[in-house]
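Participant:
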């Protein structure tokens, strides 16, 4: 019998491509391909099996060809790189992806396909709902890494996904290609969900079992390195939580503390808050304003690059924060701060530049220096925002 994956290029319709990333998986690859082929045959699905090979040296490619899979050679190393190439080469309307280590059962793909046929864009397995076999997932991943990172993803992006890192998933091929996924490593799994959520693709979960893999060697996954890559990606694409929310909190709390301390020290329950507290509050305001400027710039850049739609905050800031207006406001703040600093200098001069009570001098100096710093930040941020708002020049000019 001709393997199902040997569908001629001229075939008008392939419904499902099953993509398997591979790097030296000779121990388990034949069994995985066989399950994928049997699934396509059992459910009469026009499909193909693709092995995205990442440079195997153990005979995996020969095993894949012998099993009827189509080989896609991928020179760029990495889980994400292999999947990107395999998905790009796929000919199916839908694509399912899963590992080559026998941890996922491709015979259980039908619930994924049914949801895709119903119009869902991305269907992701949930191993915590489906069941994790004994020894299939290290305790560090099962009870700490996966739950924490998946929780972070739900908080940062409001994504309705309980298992961000399940490797068994299926999707509409064109919808995922349009996301422009670029991660080369394990963080590719997070990138797919994050970008799908940002552009409003429909997503659902399917309970999925995870079995102990059939390899005798350690997995390619490196817990701390790959966990950090996932977390880093989640933060980078969420400027609201990385910059704007903490920056706003620091700015408001710092300004409130400075306003309360300007008239004099605060005494409460045997605790005295004085100029030292004001100094820390000023630092909070300065850091908070810097975080806010980073958040606005990052949000604008992401919208410009079409990572996400432009939000109301960015539109309002852009409409208000013109270079002219920001320079005017920043200039007023700089001038006010400079006048305050001069007043502090004259107060010191009145005592012949000798030692004096620091409270009086610092209560004037700290807000003055802060005004100058924030005013300068405001003006410079407006220049950078204006630069980022200019249309990109054609790439061909520099080639």
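Numbering (full-length UniProt numbering), first residue to last: 1 to 399. Here a beta-carbon is modelled for each residue, glycine too, at the ideal position from N, C-alpha and C. None of the values given here were measured: they were computed from a predicted structure.
1. Any idea what DSSP makes of residue 54, helix, strand or coil?
2. What is the rounded straight-line gap between the Cα of residue 332 and the Cα of residue 325?
3. Assuming contact is defined by CB atoms lying nearer than 9 angstroms, are residue 258 and residue 295 in contact in what I supplied?
4. Determine the burial state of residue 224: buried for a count of at least 16 other Cβ atoms within 10 Å of its Cβ, exposed for fewer.
5. Please check the pair residue 209 and residue 86, which I expect to be a contact at CB under 8 angstroms, by giving their CB distance rounded to whole angstroms.
6. Enumerate, from N- to C-terminal direction, the unbroken alpha helix (DSSP H) stretches of 4 or more residues contained entirely within the region 172–242.
7. Taking 9 angstroms as the threshold (C-beta atoms), are residue 30 and residue 66 in contact?
8. Identify whether residue 136 lies in helix, strand or coil by the three-state DSSP scheme.
9. Is the Cβ-Cβ distance between residue 43 and residue 110 less than 9 angstroms?
10. Quick one: residues in its chain with C-beta nearer than 8 angstroms to the C-beta of residue 285, no 5 flanking neighbours on either side, listed in chain order?
11. Are three or more beta carbon pairs between the region 225–244 and the region 113–126 nearer than 8 angstroms?
12. Is it the case that the Cβ atoms of residue 341 and residue 365 are separated by a distance below 9 angstroms?
13. Between residue 291 and residue 241, what straight-line distance do the alpha-carbon atoms span, to the nearest angstrom?
14. Within 10 angstroms of the Cβ of residue 415, are there 16 or more other Cβ atoms? Answer buried if so, exposed if not.
15. Here's the rule: buried if 16 or more other CB atoms are within 10 angstroms of the residue's CB, otherwise exposed. What is residue 61?
16. Let's see if you can read the secondary structure: which residues bound the alpha helix (DSSP H) around residue 146?
17. With distances taken Cα to Cα, identify the nearest neighbour of residue 196 among 51, 309 and 363.
18. Spell out the partners DSSP gives residue 120 in its beta bridges.
19. Does the beta-carbon of residue 28 have 16 or more other beta-carbons within 10 angstroms, so that it is buried, or is it exposed?
20. At which residues does the beta strand (DSSP E) containing residue 263 begin and terminate?
21. In whole angstroms, give me the CA-to-CA distance for residue 174 and residue 128.
22. How many Å lie between residue 386 and residue 155 at the Cα?
23. Under a three-way DSSP split, which group does residue 45 fall into?
24. Going by DSSP, which residues form a beta bridge with residue 97?
25. Can residue 106 and residue 90 be called in contact, C-beta distance under 9 angstroms?
26. Extract the residue ranges of the alpha helix (DSSP H) inside the region 272–335, only unbroken runs of 4 or more that lie entirely within it.
27. Looking at the strands, I want to know which residues DSSP matches up with residue 92.
28. I'd like the span of the alpha helix (DSSP H) that includes residue 363, first residue to last.
29. Where residue 5 and residue 38 are concerned, what is the direct C-alpha to C-alpha distance, given to the nearest angstrom?
30. Where does the unbroken beta strand (DSSP E) through residue 71 begin, and where does it stop?
31. Going by CA-CA distance only, name the one from 69, 73 and 63 that's closest to residue 55.
32. From the DSSP output, which residues share a beta bridge with residue 78?
33. Under 9 angstroms, do residue 274 and residue 327 count as touching if we go by C-beta distance?
34. Report the option in 21, 152, 319 and 57 whose CA atom is closest to the CA atom of residue 98.
35. With H, G and I counted as helix, E and B as strand and the rest as coil, what does DSSP make of residue 268?
36. Quick check: what's the CA-CA separation for residue 262 versus residue 160?
Facilitator: Here's the rundown:
1. One-based indexing of the chain shown puts residue 54 at position 54. Three-state DSSP puts residue 54 in coil, outside helix and strand.
2. Working through the chain shown from its first residue, we reach residue 332 at position 332. Working through the chain shown from its first residue, we reach residue 325 at position 325. So the two alpha carbons sit approximately 11 angstroms from each other.
3. Position 258 of the chain shown, counted from the first residue, corresponds to residue 258. Position 295 of the chain shown, counted from the first residue, corresponds to residue 295. Contact flag unset, no.
4. Your numbering for residue 224 matches position 224 in the chain shown. Result: exposed.
5. As a first step, residue 209 is located in the chain shown; it is residue number 209 there, counting from the start. As a first step, residue 86 is located in the chain shown; it is residue number 86 there, counting from the start. 23 angstroms between Cβ atoms; not a contact.
6. 173–177, 188–199 and 223–236
7. Looking up residue 66 in the chain shown gives position 66. Looking up residue 30 in the chain shown gives position 30. Yes; because the gap between Cβ atoms is below 9 angstroms, this pair is in contact.
8. Position 136 of the chain shown, counting from 1, holds the residue named residue 136. If DSSP states are grouped into helix, strand and coil, residue 136 belongs with coil.
9. Reading the chain shown from its first residue, position 43 is the one you call residue 43. Reading the chain shown from its first residue, position 110 is the one you call residue 110. It is a contact, given that the beta carbons lie within the stated cut-off.
10. The count along the chain shown starts at 1 and reaches residue 285 at position 285. Cβ within range, chain order: 250, 251, 254, 255, 258, 370 and 374.
11. no
12. Taking the first residue of the chain shown as 1, we reach residue 341 at position 341. Taking the first residue of the chain shown as 1, we reach residue 365 at position 365. Contact: yes.
13. Indexing the chain shown from 1 puts residue 291 at position 291. Indexing the chain shown from 1 puts residue 241 at position 241. The straight-line gap from Cα to Cα measures roughly 10 angstroms.
14. Nothing in the structure corresponds to residue 415, since the chain is present only between 1 and 399.
15. Residue mapping note: residue 61 aligns to position 61 of the chain shown, counting from 1. So residue 61 ends up on the buried side.
16. Walking along the chain shown from the start, residue 146 turns up at place 146. Segment 146–157, the alpha helix (DSSP H) holding residue 146.
17. Counting from one through the chain shown, the residue named residue 196 turns up at place 196. It is 309 whose Cα lies nearest to the Cα of residue 196.
18. Residue numbering aside, residue 120 sits at position 120 when the chain shown is read from its first letter. None, per the DSSP bridge assignment.
19. What you label residue 28 is simply residue 28 of the chain shown in a count that begins at 1. Counting Cβ neighbours within 10 Å, residue 28 comes out buried, since at least 16 surround it.
20. Counting from 1 along the chain shown, the entry for residue 263 is found at position 263. Neither: residue 263 is in no beta strand (DSSP E) and is coded neither H nor E.
21. Position 174 of the chain shown, counted from the start, is the residue given in the question as residue 174. Position 128 of the chain shown, counted from the start, is the residue given in the question as residue 128. Computed Cα separation, rounded: 29 angstroms.
22. As a first step, residue 386 is located in the chain shown; it is residue number 386 there, counting from the start. As a first step, residue 155 is located in the chain shown; it is residue number 155 there, counting from the start. Those two C-alpha atoms are separated by around 31 angstroms.
23. Your numbering for residue 45 matches position 45 in the chain shown. Reduced to three states, the DSSP call for residue 45 is coil.
24. By one-based count along the chain shown, residue 97 stands at place 97. Answer is 19 and 169.
25. Along the chain shown, one-based indexing puts residue 106 at 106. Along the chain shown, one-based indexing puts residue 90 at 90. Against a cut-off of 9 angstroms, the Cβ pair of residue 90 and residue 106 comes out as no contact.
26. 275–304 and 312–320
27. Numbered from 1 along the chain shown, position 92 holds the residue referred to as residue 92. Answer is 14, bridged to residue 92.
28. On the chain shown, position 363 is the one that residue 363 refers to. Element bounds for residue 363: 358–389.
29. Numbered from its first residue, the chain shown carries residue 5 at position 5. Numbered from its first residue, the chain shown carries residue 38 at position 38. In this predicted model, residue 5 has a pLDDT of only 45, less than 50, meaning its place in the structure is not dependable; the value taken from the coordinates is given anyway. Their Cα atoms are separated by approximately 11 angstroms.
30. Position 71 of the chain shown holds residue 71. It spans 70–73 - the beta strand (DSSP E) in which residue 71 sits, taken as one unbroken run.
31. Locating residue 55 in the chain shown gives position 55, counting from the first residue. Nearest option by C-alpha distance: 73.
32. In the chain shown, the residue the question calls residue 78 occupies position 78. Answer by DSSP bridge pairing: none, since residue 78 is not bridged.
33. Residue numbering aside, residue 274 sits at position 274 when the chain shown is read from its first letter. Residue numbering aside, residue 327 sits at position 327 when the chain shown is read from its first letter. Result no, Cβ atoms of residue 274 and residue 327 do not sit closer than 9 angstroms.
34. The sequence position of residue 98 within the chain shown is 98, counting from 1. Measuring from the Cα of residue 98, the nearest candidate turns out to be 21.
35. The sequence position of residue 268 within the chain shown is 268, counting from 1. Note: residue 268 maps to strand in three-state DSSP.
36. For this step, residue 262 is matched to residue 262 along the chain shown. For this step, residue 160 is matched to residue 160 along the chain shown. Cα to Cα, residue 262 sits roughly 47 angstroms from residue 160.
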